[in-house]
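Protein chains in written order, with this note's numbering: chain R, 1 to 213; chain Z, 214 to 494. Glycine is no exception: its CB is placed at the ideal position from the N, C-alpha and C atoms. Just so it is clear, the structure is predicted and the values come from calculations on it, not from any experiment.
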């Protein structure tokens, strides 16, 4: 699972906090997102029998928006998989509730900057689960596909295919799989990263490259 | 490991027959070979070899992550060859073909990912495969691209008919410039009488080479030769088809195993080192 973004949205659709782990080129307007998402969620509640506290998932073009309500606010996590990160939603929601419930309930005009320290907590949680791209270049709309590989320049195809075979790997693993030297592989990995196809994360002290499909 | 995808613009040009005969010859001379039927639209490797009903289909690995060991069959004891010949059969059932018609971008990528994993797994024990051969679908489908991406050499089989020549050269021009695999062209089903005349052969070969070079603008497309067809080959295929119609057990003849002196076998065996760029005889 890859996590692209997290939103905490109040009952009225205002985004209280948003955090992105993806290329900034694809970040949607968060005010518009908050309002539309709340409208969709309310509509779903009207036309389905799902309980309000259950996790709900909305899939749009292979991006999945998983949400859970915590009374005055909803936590939304955007991923590439239909199976949602239910435990993370629960943990983040309860933690946010514990730290900021009073401000949200009492002051409609609360200064959102008050929530900034909570972003660090989220960052740590996601990094511990190795679910996010630390380079911030991964694009949710750029997925490896047969057509996508076909369109890549031949020199990048080798690196992309090595990463696809390994699923994730260090520079050393990938260059070994490619049968190339590490300088060549670094060049290709940088190009693929700039194109938004691959992300980077830290696991057990090692920098790993991964991709989304 | 050397890897080869066998492709064609049209069906019925003898692609599967060439794939099966190359694979068996290599196993006969002691090589460990894996032959995968990736023609999911029209599986036909199964017409050459007997599959154990308990062996799963290649489709199960590529689409449903079934472990490779359950989807490959070691055919070598059946053929009594000294090397190993592992075969991954494509499911010819109507439901599997229907599934294939509905394959979307996500599923075709999953198949590519699993093909890459198979390739890696085959290099290690217990397989230690030295030659991987993929028999692909005719035309340009996702499985054609997957096969070309997974292998280092692509062998295009052509028939000397206008439709096939024009289509194949366009197909290579479209695929070859984007993919790094080396492309070879082999003409099949050529009347034996025609290719006995060296002068005619040389003239036609030059015409074909010009045609492909002009279309592809690429010196890496090589025309490698001719495979003859004779009356006995046509008759054998015909008689096997009649057996099938009569519900009798039928299996297509593998010439490189059963009739190594037949012109089809001798010509193909001569070309194998050129195809794989090695000294295998």
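Taking the beta strand (DSSP E) that residue 15/R falls in, what are its first and last residues?
As a first step, residue 15/R is located in the first chain; it is residue number 15 there, counting from the start. 15-20 is the span of the beta strand (DSSP E), which, as asked, contains residue 15/R.
Who are the neighbours of residue 373/Z on chain R, taking C-beta pairs under 9 Å?
Locating residue 373/Z in the second chain gives position 160, counting from the first residue. Within chain R, no residue comes near residue 373/Z; the closest Cβ sits about 29 Å away, beyond 9 Å.
Limits of the unbroken alpha helix (DSSP H) element including residue 277/Z:
Position 64 of the second chain, counted from the start, is the residue given in the question as residue 277/Z. Where residue 277/Z is concerned, the enclosing alpha helix (DSSP H) stretches over 271-277.
When the Cα of residue 423/Z is compared with those of 443/Z, 409/Z, 379/Z, which residue comes out closest?
For the purposes of this step, residue 423/Z is taken as the residue at position 210 of the second chain. Nearest C-alpha to residue 423/Z: 379/Z.
Which whole-angstrom value describes the C-beta separation of residue 121/R and residue 10/R, a residue pair presumed to lie in contact below a C-beta threshold of 8 Å?
Stepping through the first chain from its first residue, residue 121/R is reached at position 121. Stepping through the first chain from its first residue, residue 10/R is reached at position 10. Contact doesn't hold; Cβ gap of about 19 Å is too wide.
Of all the CB atoms in chain Z, is at least one closer than 8 Å to the CB of residue 78/R?
Residue 78/R sits at position 78 when you count from the first residue of the first chain. It does not; no Cβ of chain Z falls within 8 Å.
With 16 other CB atoms within 10 Å as the buried threshold, where does residue 78/R fall?
Taking the first residue of the first chain as position 1, residue 78/R is located at position 78. The residue in question, residue 78/R, is buried, as its Cβ has 16 or more Cβ neighbours within 10 Å.
Below 7 Å on C-beta distance, what does residue 161/R contact in chain Z?
What you label residue 161/R is simply residue 161 of the first chain in a count that begins at 1. Residues of chain Z passing the Cβ test: 329, 362.
On a CA-only basis, which of 363/Z, 353/Z, 489/Z is nearest residue 387/Z? Give me that one, please.
As a working mapping, residue 387/Z is identified with position 174 in the second chain. The candidate whose alpha carbon is nearest that of residue 387/Z is 353/Z.
For a quick check, are the C-beta atoms of residue 342/Z and residue 284/Z less than 8 Å apart?
In the second chain, counting from the first residue as 1, residue 342/Z sits at position 129. In the second chain, counting from the first residue as 1, residue 284/Z sits at position 71. Their beta carbons are not under 8 Å apart, which means residue 342/Z does not touch residue 284/Z by this criterion.
With DSSP as the reference, identify every bridge partner of residue 140/R, one or two as the case may be.
Here residue 140/R is taken as the residue at index 140 of the first chain, counted from 1. Paired residues: none, contrary to the question.
So residue 336/Z contacts chain R; which residues on that side make the cut at Cβ distance below 8 Å?
Position 123 of the second chain holds residue 336/Z. Ordered by position in chain R, no residue passes the 8 Å Cβ test against residue 336/Z, which lies about 11 Å from the chain.
Beta-carbon separation of residue 216/Z and residue 345/Z under 8 Å?
Along the second chain, read from residue 1 onward, the residue named residue 216/Z stands at position 3. Along the second chain, read from residue 1 onward, the residue named residue 345/Z stands at position 132. Against a cut-off of 8 Å, the Cβ pair of residue 345/Z and residue 216/Z comes out as a contact.
Ignoring anything shorter than 4 residues or poking outside the stretch 83-167 of chain R, list the alpha helix (DSSP H) runs there in chain order.
As far as the stretch 83-167 of chain R is concerned, its whole alpha helix (DSSP H) runs of at least 4 residues are 86-106, 116-128, 146-151, 154-166.
How about residue 128/R: is its C-beta nearer than 8 Å to some C-beta of chain Z?
Position 128 of the first chain holds residue 128/R. Closer than 8 Å: no.
Rounded Cβ spacing between residue 55/R and residue 86/R (contact assumed at less than 8 Å)
Reading the first chain from its first residue, position 55 is the one you call residue 55/R. Reading the first chain from its first residue, position 86 is the one you call residue 86/R. Contact holds; Cβ gap of about 5 Å.
Terminal residues of the continuous beta strand (DSSP E) containing residue 200/R?
What you label residue 200/R is simply residue 200 of the first chain in a count that begins at 1. Residue 200/R -> beta strand (DSSP E) spans 198-203.
Starting from residue 474/Z and walking both ways along the beta strand (DSSP E), at which residues does that stretch end?
Position 261 of the second chain, counted from the first residue, corresponds to residue 474/Z. No beta strand (DSSP E) holds residue 474/Z; DSSP gives it neither H nor E.
Is it true that the CB of residue 32/R sits closer than 8 Å to the CB of residue 231/R?
Residue 231/R falls outside the range modelled here, since chain R spans only 1 to 213, and no answer is possible.
Between residue 146/R and chain Z, is any beta-carbon pair separated by less than 8 Å?
Reading the first chain from its first residue, position 146 is the one you call residue 146/R. So yes, residue 146/R belongs to the interface.
Who are residue 66/R's beta bridge partners in DSSP?
Residue mapping note: residue 66/R aligns to position 66 of the first chain, counting from 1. Note: residue 66/R sits in a beta bridge opposite 57/R, 77/R.
Counting only runs that start and end within the stretch 270-333 of chain Z, where is the alpha helix (DSSP H) found for 4 or more residues in a row?
DSSP runs (the alpha helix (DSSP H)) wholly in the stretch 270-333 of chain Z: 271-277, 281-284, 289-292, 307-314.
Proximal residues, the stretch 183-201 of chain R versus chain Z, C-beta separation under 8 Å
none
With DSSP as the reference, please indicate the residues paired to residue 210/R in a beta bridge.
On the first chain, residue 210/R is found 210 positions in, with the first residue counted as 1. Answer is 168/R, 199/R, bridged to residue 210/R.
Which residue from 351/Z, 488/Z, 470/Z, 477/Z puts its Cα closest to that of residue 294/Z?
Here residue 294/Z refers to the residue found at position 81 of the second chain. Looking at the Cα atoms, 470/Z is the closest of the given residues.
Local conformation of residue 344/Z per DSSP, three classes
Within the second chain, residue 344/Z is the residue found at index 131, counting from 1. Note: residue 344/Z maps to strand in three-state DSSP.
Leaving out five residues on either side along the sequence, give the residues of the same chain with a beta carbon under 8 Å from the beta carbon of residue 456/Z.
Position 243 of the second chain holds residue 456/Z. Excluding sequence neighbours, residue 456/Z sits near 462, 463.
If you compare alpha carbons, which of 304/Z, 322/Z, 252/Z, 400/Z is closest to residue 370/Z?
Residue 370/Z sits at position 157 when you count from the first residue of the second chain. Comparing Cα-Cα distances from residue 370/Z to each of 304/Z, 322/Z, 252/Z, 400/Z, the minimum goes to 400/Z.
Quick check: residue 84/R and residue 318/Z, are their CB atoms within less than 8 Å of each other?
Counting from 1 along the first chain, the entry for residue 84/R is found at position 84. Counting from 1 along the second chain, the entry for residue 318/Z is found at position 105. In this structure, residue 318/Z does not lie closer than 8 Å to residue 84/R by Cβ.
Contact list for the stretch 162-174 of chain R against chain Z, Cβ threshold 7 Å:
164, 165
Using a Cβ-Cβ distance under 8 Å, would residue 213/R count as near chain Z?
To locate residue 213/R, count along the first chain from 1; it is residue 213. Chain Z contact via Cβ: present.
Inter-residue Cα distance where the pair is residue 276/Z and residue 348/Z
For the purposes of this step, residue 276/Z is taken as the residue at position 63 of the second chain. For the purposes of this step, residue 348/Z is taken as the residue at position 135 of the second chain. For residue 276/Z and residue 348/Z, the distance between alpha carbons rounds to 18 Å.
Per-residue DSSP class, three states only, for residue 441/Z:
Residue numbering aside, residue 441/Z sits at position 228 when the second chain is read from its first letter. Strand at residue 441/Z.
Given this structure, state the Cα-to-Cα distance separating residue 207/R from residue 436/Z, to the nearest angstrom.
Position 207 of the first chain, counted from the first residue, corresponds to residue 207/R. Position 223 of the second chain, counted from the first residue, corresponds to residue 436/Z. For the pair residue 207/R and residue 436/Z, the Cα-to-Cα distance works out to about 46 Å.
Per-residue contacts from residue 355/Z into chain R (C-beta, under 9 Å)
Your numbering for residue 355/Z matches position 142 in the second chain. Correct list: 146, 147.
When the Cα of residue 478/Z is compared with those of 451/Z, 441/Z, 460/Z, which residue comes out closest?
One-based indexing of the second chain puts residue 478/Z at position 265. Selected option, being the one with the closest Cα: 441/Z.
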